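Input: a single structure, listed below in structure tokens.
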Amino acid sequence: MRAKVRKAVFPAAGLGTRFLPATKAQPKEMLPIVDKPIIQYGVEEALQSGIRNIIMVTGRGKSAIEDHFDVSFELENLLETRGKKDLLAIVRGISDMIDISYVRQKEALGLGHAVLRAKELVGNEPFAVVLADDLIEARTPCLRQLLDVYASFDAPVLAVMEVPAEAISSYGAIDAEPVSYNGSNDRVYRIRDLVEKPEAPEAPSNLAIIGRYVLTPEIFASIESTDPGSGGEVQLTDALKHMLRSRPIYALRFEGKRYDAGDKLGFLEATVEFALRRKDLGGPFREYLKKLKL
Ligand code: UTP
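So this is what it looks like as structure tokens:
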């Protein structure tokens, strides 16, 4: 029987240079979308997808992430004394949410390098990778969708989405053929090749890899034999390309909407749309936006 995916690795050791100066002294993962840190949305998605353990890869200056998921004794005590039951439940819920372990990436040497830091904690079992700054709004959590494809094909699966031709040079692109899945022929692809950040004319497709993966433990050996690539960093895409030589890898064009919350414009879009969807804020916020003379 194929192994169940129990663990998710959250690489969160990047420097967040696109969000300076906000990220000079605080992790980008802790920037809030409305009132919740970006990383908590990712943790909730993992939880809702059936993941039981999270391995967070952090680095210098990221201790706010650990504090956020830890018990805050003083705060809980204060809220209890003041009878603020709703807030107390929210704060307690975060530390009770899920089992999280931490491992450090001493230097930001790339996403592949960050994932390799989780090797010992993952062990010899399949696992998910979640880049929390890719915020995904979906009826079925994106990671759950990937896990279902993993269960059907018993092979690594990457989340992809269509992007405009001129945007593909910011992503890893796939060269792939569609395969039938759940009665459809345009959702799941078997990957032939992967290209990191291609220029539009050289791109094999407009299907871009985004921050959700289900991987098998062979990826660690592939990362170990991958030299630093674009930007001098060890790229996960290059390691996947290496793994492709010895086993099939699939891609899922997931259902849902992805926001790049690590980018200023993507962050603003997510903030506005998430606020509009909120029961407590949506109405007055919509009224406010309507009054703006745009
Ligand atoms: P990004 O490409 O968003 O890089 O990383 P970044 O450094 O976080 O941000 P910018 O581009 O400088 O603004 C994608 C994901 O990989 C993690 C990041 O934390 C993010 O979740 N990452 C990246 C690491 O954990 N370590 C690295 O060395 C690089």
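For the sequence shown, position 182 matches number 171 in the working numbering, and the numbering has no gaps at all. Glycine included, each C-beta is placed from N, C-alpha and C at the ideal position. These numbers were taken from a predicted model, which means no experiment stands behind them.
DSSP beta-bridge partners of residue i
i       : result
Thr47   : Arg93
Gly161  : Glu185
Arg179  : Glu166, Tyr239
Val119  : Arg201
Tyr277  : In the DSSP output, where bridge partners are listed per residue, Tyr277 has none listed.
Arg247  : Ile125
Lys(-4) : Asn42, Phe116
Within 8 Å, strictly: CB atoms of residue i and residue j
i      : j       : result
Val152 : Asn113  : no
Gly101 : Val(-6) : no
Ile43  : Ile83   : no
Ile163 : Pro193  : yes
Ser219 : Glu185  : yes
Gly161 : Thr226  : yes
Leu20  : Phe243  : no
Thr260 : Val23   : yes
Ala97  : Leu204  : no
Cβ-Cβ separation, residue j to residue i (assumed contact under 8 Å), whole Å
i       : j      : result
Asp122  : Lys17  : 6 Å
Pro130  : Glu34  : 5 Å
Arg275  : Leu283 : Incorrect: roughly 14 Å between the Cβ atoms, too far for contact.
Pro0    : Leu135 : With a Cβ gap of about 16 Å, Pro0 and Leu135 do not count as contacting.
Gly245  : Ala127 : 3 Å
Val(-2) : Val118 : 5 Å
Ile125  : Arg247 : 5 Å
Residue-level contact to chain C via CB, residue i, 8 Å cutoff
i     : result
Gly39 : This model lacks chain C altogether; it includes just one protein chain.
Inset, instruction - Can you check the segment 191 to 224 for any beta strand (DSSP E) of at least 3 residues that lies completely inside it and give the ranges in chain order? - result: Assignment of beta strand (DSSP E) within the segment 191 to 224, counting only whole runs of 3 or more residues, yields 196 to 204 in chain order.
Legend entry - Touching by the beta-carbon criterion (3+ pairs, under 8 Å), the segment 176 to 192 and the segment 238 to 246: yes
Inset, instruction - Specify whether the segment 91 to 109 and the segment 10 to 29 touch according to this definition: at least 3 beta carbon pairs, one from each stretch, less than 8 Å apart. - result: no
Inset, instruction - Within the segment 126 to 160, note down every full alpha helix (DSSP H) run reaching 4 residues or more, in order along the chain. - result: 131 to 142
Legend entry - Contact between the segment 185 to 203 and the segment 144 to 159 (3+ Cβ pairs under 8 Å): yes
Legend entry - At least three beta-carbon pairs within less than 8 Å, the segment 38 to 51 to the segment 59 to 72: no
Legend entry - Ordered list of beta strand (DSSP E) runs contained in the segment 8 to 96, each at least 3 residues: 42 to 47, 88 to 93
Inset, instruction - Taking 8 Å as the threshold, find out whether the segment 80 to 97 comes into contact with the segment 42 to 61 through three or more Cβ pairs. - result: yes
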